[in-house]
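K.L.:
Got a structure here, written out as structure tokens. Questions coming.
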Amino acid sequence: MPSTPANAPLCPTPHGAPNGGYICPTCGAPVGDPTPDRRGRDRRFAAIAVLSVVGAVAAAAVVIALVMARGGVHTATSASEHAELTEWWSTTYPHVTELQEALDDSRKALESLDGPALASACQRMHDAARVDLAAQMPSPEADLTAELDAAADDAHEAAHMCLSVLEHSPNNYDAEFTSDVDQSERHLEAGIAIVNRSLTREPRKAARH
3 MPSTPANAPL CPTPHGAPNG GYICPTCGAP VGDPTPDRRG RDRRFAAIAV
53 LSVVGAVAAA AVVIALVMAR GGVHTATSAS EHAELTEWWS TTYPHVTELQ
103 EALDDSRKAL ESLDGPALAS ACQRMHDAAR VDLAAQMPSP EADLTAELDA
153 AADDAHEAAH MCLSVLEHSP NNYDAEFTSD VDQSERHLEA GIAIVNRSLT
203 REPRKAARH
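Just so you know, we're using this note's numbering here: the sequence shown kicks off at 3 and counts up by one.
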């Protein structure tokens, strides 16, 4: 059996007590049976793997429980928000309709060069945007509030432009005026679409436990 020379460098591989004729694959010196160490390491690795799986399962269970709990709160809130939006829209819709009609009438009056009709439409536009609709803000939904606020701002700008349109030739101002009217109508339509999507969804009820 080979022996380790006295002046040989220290081998990095643990040898243990020589047992069973095993030879170190690094330096060739007699070593003990490496199998028990490997078995011990395998058992430790297996235990670590089992603990990791158990920990992952427990973490997943906690996440699922939190999601379910939050889902229950969201469900209950959805029904409440649906009722709140329904009530809010019942009082706001007439003002939205009035603003839409005033915008449409102002465009028709401009096209026909009807000064008195344009003045009347612009006054209604101003009141609907800056008084009636403004009194209903904010809405229960942030994106709906943003659309209606933008519609009111554009209508307000168009209403104040009416004086310039009436005092001068409408052909010199109709492009900018019409642009503000169109923008206001687009924002109104976007706001109405948001309301329709929200109110046509079936309100979900809180889960019973």
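Just so it is clear, CB atoms sit at the ideal spot from N, CA and C, and this is done for glycine as well.
Computed from a prediction, not measured in an experiment: that's the story for all the values here.
(1) Identify every run of the alpha helix (DSSP H) within the stretch 120-208, keeping only runs that are complete inside it and at least 4 residues long; order them along the chain.
(2) In chain order, what residues of the same chain have a beta carbon less than 8 Å from the beta carbon of residue 72, not counting five sequence neighbours either side?
(3) Report the option in 161, 192, 199, 197 whose CA atom is closest to the CA atom of residue 112.
(4) Residues in its own chain within less than 7 Å of residue 203 by CB, not counting five upstream and five downstream?
(5) Taking DSSP as the reference, what is the three-state secondary structure of residue 236?
(6) Rounded to the nearest angstrom, how far is the Cβ of residue 87 from that of residue 200, given a contact under 8 Å?
(7) Three or more beta-carbon pairs under 8 Å between the stretch 140-154 and the stretch 175-182, yes or no?
(8) Is it buried or exposed, residue 92, if we count other Cβ atoms within 10 angstroms and call 16 or more buried?
(9) Do you know offhand how far residue 197's Cα is from residue 159's?
P.N.:
Walking through what the data contain:
(1) If we require 4 residues or more, the alpha helix (DSSP H) runs fully inside the stretch 120-208 come out as 144-169, 176-202.
(2) With a pLDDT of 49 at residue 72, under the threshold of 50, the modelled position of this residue cannot be trusted, and the question is left open.
(3) For residue 112, the closest of 161, 192, 199, 197 by C-alpha to C-alpha distance is 161.
(4) A distance below 7 Å between beta-carbons, with the five flanking residues on each side excluded, links residue 203 to no residue of its chain.
(5) With the chain running from 3 to 211 in the structure shown, residue 236 is simply not present.
(6) Confirmed, about 6 Å.
(7) Not touching, per the Cβ criterion.
(8) Exposed, by the Cβ-count rule.
(9) Between residue 197 and residue 159, the C-alpha separation is close to 25 Å.
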